[in-house]
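Please read the structure below before turning to the comments.
Spelled out as C-alpha cells, the structure:
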C-alpha cells in the first residue's frame, strides 16, 4: 500500500477507532517523518500511548505487524519528502545535468495532478464560501507567502475586502482577535506546515469562520478543519518543495471567482486598471 492510500485508509477508519488507537493514528498522520525515522517505543512516548497500541493499530489497518505499517512512511521519505538538508546533499552529489529540464517536467506533472484531484464541486464550494463572506483573510507563510500574496493581489482587482494576514508587519494575534463570523479564511500550506497556521485555524474554528484550505494533503492540519480543501502536489527534484501548483490554483481560483461575479466585477477590474495607470504603476512601453 502506498503512503497516500494509507493516509486515506487511516482517515476513513479514524472515527471508528478506540480513543487509544485514534490517538496513535493521529500521531502517524501528523508526524510522518518521525514514523519513518524513530523507534516504535519513542513514537509511543511522544504520542502518550503504549508501544503495543501501534501493533494493534497496524493489524486494525490490515498489516501483519508494525514493520509493515511503517514501510510506506519509510518509502515516502526515500521518494523525495526527506528533510531539506538531506535532499540538498543528494542533489549536489547527483550533479546539475538535466535538473533544469526535470524540474520543468515535474511542474507540468504537478499541474496535471492539481487538475485531476480538484473537481468542479470543490471549486464551486470554495467560491461559494468566499462569495458569501463580507471579508476574506488569506494566510500563507514562508514559501507559501507568494501564492497567498498573489491571491490577494488578483482578487483586489475586482474585490476590495480581501487582506493578507500578517501583511502589515504587525502582530497577527491582533488581526485574528478581530476575525468576524461573516468572514472567511483561506489557509495555504504544505509539509512541514508553518506554525503560524495553527493560531489562524484555531481562531477561525472558535469563531465558526469557514476555512478554504489549499494544501498538499487531506491529512494536513489545515485540511482536517477546513470546509473545503483544494490540493496541490509539491513534488520536485530540487531540495525544496515546489509551490508552482499552489500558485496555479490561486490564479485559477481568482479567475473562477471573477467569472462567477459577472459584468459588475469585470467593470471593477477595468476601473482598477485605469487607477493603476493613473498612479504610474507601470513602466512606459
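Residue numbers (UniProt numbering): 1 to 285.
A virtual CB, placed ideally from N, CA and C, is assigned to each residue, including glycine.
Keep in mind it's a predicted model, so treat the numbers as computed, not measured.
- What first and last residue would you give for the alpha helix (DSSP H) that runs through residue 198? Taking the chain shown and counting its residues from 1, one reaches residue 198 at position 198. Residues 197-206.
- Item | Beta-carbon proximity list for residue 63, same chain, < 6 Å, skipping 5 on both sides | One-based indexing of the chain shown puts residue 63 at position 63. Cβ neighbours of residue 63 beyond the five flanking positions: 69.
- Could you tell me the distance, in whole angstroms, from the CA atom of residue 141 to the CA atom of residue 54? The count along the chain shown starts at 1 and reaches residue 141 at position 141. The count along the chain shown starts at 1 and reaches residue 54 at position 54. Taking the straight line joining both Cα atoms gives about 34 Å.
- Message: Quick check on residue 283: does DSSP put it in helix, strand or coil?
- Response: Taking the chain shown and counting its residues from 1, the one referred to as residue 283 is at position 283. Residue 283: coil per DSSP, three-state reduction.
- Query: When burial is assigned at 16 or more other CB atoms within 10 Å of the CB, is residue 15 buried or exposed?
  - Reply: Taking the chain shown and counting its residues from 1, one reaches residue 15 at position 15. Result: exposed.
- Query: In its own chain, which residues sit with a C-beta less than 6 Å from the C-beta of residue 7, not counting the 5 before and 5 after it?
  - Reply: Start at 1 with the first residue of the chain shown, and residue 7 comes out as number 7. Hits under 6 Å: 219.
- Any idea which residues DSSP pairs residue 275 with across the strands? In the chain shown, the residue the question calls residue 275 occupies position 275. Beta-bridge pairing links residue 275 to no other residue.
- Straight-line Cα distance separating residue 222 from residue 240: If you number the chain shown from 1, residue 240 lands on position 240. If you number the chain shown from 1, residue 222 lands on position 222. So the two alpha carbons sit approximately 21 Å from each other.
- For the candidate residues 158, 244 and 190, whose alpha-carbon lies nearest to that of residue 255? For the purposes of this step, residue 255 is taken as residue 255 along the chain shown, with counting starting at 1. The residue with the shortest Cα to Cα distance from residue 255 is 158.
- Message: Using a 10 Å radius around the Cβ and a threshold of 16 neighbouring Cβ atoms, would you call residue 59 buried or exposed?
- Response: Indexing the chain shown from 1 puts residue 59 at position 59. Exposed, because fewer than 16 other Cβ atoms sit within 10 Å of the Cβ of residue 59.
- Message: Do residue 226 and residue 244 have their beta-carbon atoms positioned less than 7 Å apart in this structure?
- Response: As a position in the chain shown, residue 244 is number 244, starting the count at 1. As a position in the chain shown, residue 226 is number 226, starting the count at 1. Taking 7 Å as the Cβ cut-off, residue 244 and residue 226 do not qualify as a contacting pair.
- Counting Cβ pairs, one atom from each stretch, are 3 or more of them under 8 Å apart for the segment 148-158 and the segment 174-183? no
- Item | Distance, residue 252 Cα to residue 137 Cα | Sequence index remark: in the chain shown, residue 137 carries index 137 (1-based). Sequence index remark: in the chain shown, residue 252 carries index 252 (1-based). Spanning the two alpha carbons is a distance of roughly 18 Å.
- Go through its chain and collect everything with a Cβ distance to residue 130's Cβ below 6 Å, but skip five positions before and after it. Along the chain shown, one-based indexing puts residue 130 at 130. Answer for residue 130: 136 and 184, listed in chain order.
- Message: Taking the beta carbon of residue 193 as the centre, do at least 16 other beta carbons fall within 10 Å, making it buried, or is it exposed?
- Response: Residue numbering aside, residue 193 sits at position 193 when the chain shown is read from its first letter. Burial call: buried.
- Selected residue, minimal CA-CA separation from residue 49, among 30, 25, 36 and 71: Counting from 1 along the chain shown, the entry for residue 49 is found at position 49. The residue with the shortest Cα to Cα distance from residue 49 is 25.
- Task: Just the C-alpha distance for residue 126 and residue 228, rounded to the nearest angstrom, thanks.
- Result: Taking the first residue of the chain shown as 1, we reach residue 126 at position 126. Taking the first residue of the chain shown as 1, we reach residue 228 at position 228. Spanning the two alpha carbons is a distance of roughly 6 Å.
- Task: Out of 27, 171, 104 and 215, state which residue places its alpha-carbon closest to the alpha-carbon of residue 249.
- Result: In the chain shown, residue 249 corresponds to position 249, counting from 1. Considering only alpha carbons, the answer is 215.
- Which parts of the segment 1-28 are runs of the alpha helix (DSSP H), unbroken and 4 residues or longer, counting only runs that do not cross its ends? 3-13
- How big is the Cα-Cα spacing for residue 27 and residue 47? Counting from one through the chain shown, the residue named residue 27 turns up at place 27. Counting from one through the chain shown, the residue named residue 47 turns up at place 47. The straight-line gap from Cα to Cα measures roughly 6 Å.
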